[in-house]
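Structure record follows, encoded as structure tokens.
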């Protein structure tokens, strides 16, 4: 039985435990709350909050999620009290001198984590979409940002404490007062679903948004089993298959699935996955299969750690503003799920599905719309053709930046821009709210420095994130100018050159003399035959000699090497 | 408007009931069509008849407007696929224009979702799987996807000659495959096949495709290899020459493959058996694949095998 109470002004859920004391403090703030230009701020604060606690001897940690940040621990009363007190004390007075060091640690942690394409393609670069990006705001985060974020988000009213066991003696947690924060607005970068996009390779994955319910969570388990059976057991084309059901907010959950594939098997994994989804659409669910997952779900609710998981989920639901469910209600809901229910969830899944296929693959043949890769139109402004590919033109306009190409245009409007990364070598990357990004590399466009300065003037300061200098090998090489057509050079011996030049000069002279002779001669026929014709012939030969000499390249002239 | 077929071959010519089926499609007589298919149980015969319906130009509107029974949906998909290939024309990819490809893909993108749904509702719908091998080929879904589709079909129809012949095409180098896999597949079909069935012919077709791809003396040398000849003879004996052989609507193709192979091998004795069996029955495959006009080739080779006397 979960009891709702209050500890030092913090809403608290307490349930009797059957092991060591376990407790968690969860805040309604996560990376979906961060603007992209401050992406990483919450995670940074989580790290700073743990710093003073030093090396943690007992079981304790923290996690920054999409919509929540969670500090949790288990151990003796003393250990739990010390940890939670230390976290709250730190949150009120963060060790700002640690910011630079923690940023480095975060960059290292980031390096091992790919960003979540599915979030970005679904939501764009704001809200839940921003959570899909790497921590691109780290460089720009100031002491002021950290203080503000901690003071407004890590507050009593924006937190819930949960305790599995008794409330420990002497627990005195002090957090600033603030206000509860609603979840970020749901945005969409998808005009039509089901949709697909092609990026990366080595796996096929998808996400979908369904209702939050027992039947949807059972559906995700049935989905994983069906994918495993089809793609691995039967087709033998995948090794790793995973599906997950994760609540997104009070009313909706995200179902994700992934199947890996060797390059030569990607097409078959994609085809197999689409057929599994189609079978669900057709209502092909096995009643036995439902019983199997229902058993598994019910059994897992009996495990000791389930009680804690339920406490944590309920704590989050308080933050989401969702009506709390008791465990018994959830059990009853699980027991009532029918095969028809699974069919209904399958319908919701397909209606919202976003599929990621390997680069070069398509899914339009299966009725999936292509997720938009391009903007509607380009801005008007100064044009800079790409030095790499003349079909691509960068346009710096009054109200935005575009890249035009034969495939489509990309546009980021200045007033909509959510982030501009700036490198000391002059490179810029602008990101729009729809997730469209434009990279400006001075080595790839002949763009004057003043133009970059003008661009910087158009973007609000807080959106600019100055990046450290890049290693030379990370800067794109300026493409070599197009090679001129090869010139045939033939070495002509000096002697030959002289002879040719003499012939060339002599022949026209001879022709002129002969013609003069013809004009003054009495016997035209004779003169024609013996002087003029051979002489003009000689002229022609001279002309040919000049052409030859030119062709060989030593009379100067039309062809050059430059 | 439903127009008469413009195909160079009349694959239905040898079978009066197929001519009747085609007339029923032209006359938009759904009852007659349904009755015809109700009387067919063999997968390969059904697939053949579905193809005949697909070949009726202009029938797509009629078929699309029918109540969506599995049969009507199969026939509609088959018509879209045939139309896709009519748009593409029979030329090699290099001679097909971008517009033709776009038009072809548009038709196939209508057919494929119909077929996805059919196989989802009934994974043992072998005819729908056969058609999905065509869409996979036309939409260039790659080797692994075609193989997956074949394997799915083979779970319920392990010796479907139609599907085997289509996968065989996909395994040809001209469609991204390779000879080694192609011949291995031919062998696999032959070894697993019940005696007297059509499946052993896949092995002979593999050799025929290989032969078609070679040029000049190399082609002749290919068919003179003892190992190749032995496999062709073995497959003929296990299929068309077997006492249990029936062949359904595929018998003209079956004999045609061997008539052409033995004729080209110079084994007129063996070729004669198949030409005699064929009579006037000229099938689309393999005769349209050879160079020159198919009728002329057929007659020239037949005259040679039968010694000029008919």
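Chains as they are written, first to last, in this note's numbering: chain A, 1 to 562; chain B, 563 to 872.
No residue lacks a Cβ here, since even glycine has one placed at the ideal position from N, Cα and C.
Identified DSSP bridge partners for residue i
i: residue 253 of chain A; result: A/210, A/247
i: residue 576 of chain A; result: No answer is possible for residue 576 of chain A: it lies beyond the span of chain A, which begins at 1 and ends at 562.
i: residue 385 of chain A; result: A/393
i: residue 812 of chain B; result: Bridge partners of residue 812 of chain B: none, in fact.
i: residue 72 of chain A; result: A/24, A/61
i: residue 375 of chain A; result: A/409
i: residue 164 of chain A; result: A/15, A/22
i: residue 80 of chain A; result: Residue 80 of chain A is not bridged to any residue.
i: residue 205 of chain A; result: A/258, A/356
i: residue 400 of chain A; result: A/413
i: residue 3 of chain A; result: A/14
Under 8 Å from the C-beta of residue i: neighbouring residues of chain A
i: residue 711 of chain B; result: 271
7 Å Cβ cut-off: residues of chain B touching residue i
i: residue 367 of chain A; result: 675
i: residue 264 of chain A; result: 706
i: residue 278 of chain A; result: 678, 679, 682
i: residue 284 of chain A; result: 682
Option nearest residue i by Cα separation, candidates the options
i: residue 784 of chain B; options: B/732, B/810, B/766, B/801; result: B/766
i: residue 849 of chain B; options: B/664, B/841, B/822, B/836; result: B/822
i: residue 48 of chain A; options: A/97, A/134, A/369; result: A/97
i: residue 279 of chain A; options: B/624, B/684, B/645; result: B/684
i: residue 476 of chain A; options: A/441, A/333, A/393; result: A/441
i: residue 22 of chain A; options: A/337, A/73, A/32, A/5; result: A/73
i: residue 564 of chain A; options: A/11, A/389, A/191, A/416; result: This structure cannot speak to residue 564 of chain A, because chain A is shown only from 1 to 562.
i: residue 581 of chain B; options: B/704, B/753, B/820, B/610; result: B/610
i: residue 190 of chain A; options: A/330, A/351, A/359, A/1; result: A/351
i: residue 354 of chain A; options: A/78, A/249, A/258; result: A/258
i: residue 708 of chain B; options: B/719, B/689, B/732; result: B/732
i: residue 240 of chain A; options: A/250, A/261, A/362; result: A/261
i: residue 443 of chain A; options: A/264, A/428, A/14, A/44; result: A/428
i: residue 64 of chain A; options: A/37, A/79, A/26; result: A/26
i: residue 743 of chain B; options: B/754, B/678, B/769; result: B/769
i: residue 318 of chain A; options: A/152, A/80, A/264, A/162; result: A/162
i: residue 724 of chain B; options: B/811, B/842, B/843, B/643; result: B/811
i: residue 167 of chain A; options: A/88, A/119, A/80, A/132; result: A/80
i: residue 44 of chain A; options: A/108, A/14, A/59; result: A/108
i: residue 794 of chain B; options: B/774, B/749, B/690; result: B/749
i: residue 862 of chain B; options: B/833, B/759, B/727; result: B/833
i: residue 179 of chain A; options: A/170, A/160, A/153; result: A/153
i: residue 122 of chain A; options: A/254, A/314, A/380, A/480; result: A/254
i: residue 873 of chain B; options: B/841, B/701, B/626, B/790; result: Because chain B here runs from 563 to 872, residue 873 of chain B falls outside it and cannot be looked at.
i: residue 295 of chain A; options: A/282, A/479, A/214; result: A/214
i: residue 233 of chain A; options: A/264, A/221, A/244, A/272; result: A/272
Interface residues of chain A facing residue i [CB-CB closer than 7 Å]
i: residue 703 of chain B; result: 267, 271
i: residue 699 of chain B; result: By Cβ distance, chain A contributes nothing, its closest Cβ being about 12 Å from residue 699 of chain B, past 7 Å.
i: residue 728 of chain B; result: Simply none; closest approach about 15 Å.
Partners in chain B for residue i, counting only beta-carbon separations shorter than 8 Å
i: residue 467 of chain A; result: Within 8 Å Cβ-Cβ: nothing; residue 467 of chain A doesn't reach chain B, min ~40 Å.
i: residue 281 of chain A; result: 679, 682
9 Å Cβ cut-off: residues of chain B touching residue i
i: residue 237 of chain A; result: 706, 710
i: residue 274 of chain A; result: 678
Neighbour list for residue i in chain A, Cβ cutoff strictly below 9 Å
i: residue 670 of chain B; result: 365
Check distances from the C-beta atoms of the region 323 to 353 of chain A to those of chain B and list, in chain order, the residues that come in under 7 Å. The region 323 to 353 of chain A vs chain B, Cβ under 7 Å: nothing.
Mind listing, in chain order, the continuous alpha helix (DSSP H) runs of no fewer than 4 residues lying wholly within the region 117 to 154 of chain A? Uninterrupted alpha helix (DSSP H) stretches at least 4 residues long and entirely within the region 117 to 154 of chain A occur at 117 to 123, 143 to 153, given in chain order.
Which residue spans inside the region 594 to 679 of chain B form an unbroken alpha helix (DSSP H) run of at least 4? Qualifying alpha helix (DSSP H) stretches, in chain order: 605 to 616, 622 to 626, 632 to 650.
Ranges of the alpha helix (DSSP H) found wholly within the region 406 to 479 of chain A, counting only runs of at least 4: Unbroken alpha helix (DSSP H) stretches of 4 residues or longer found wholly inside the region 406 to 479 of chain A: 449 to 458, given in chain order.
Cβ-based contacts, 9 Å cut-off: residues of the region 418 to 449 of chain A near chain B: Nothing from the region 418 to 449 of chain A brings a Cβ to less than 9 Å from some Cβ of chain B.
What ranges does the alpha helix (DSSP H) occupy inside the region 284 to 332 of chain A, keeping only unbroken runs of at least 4 residues that lie completely in it? For the region 284 to 332 of chain A, whole alpha helix (DSSP H) runs of length 4 or above, ordered along the chain, are 287 to 302, 304 to 320.
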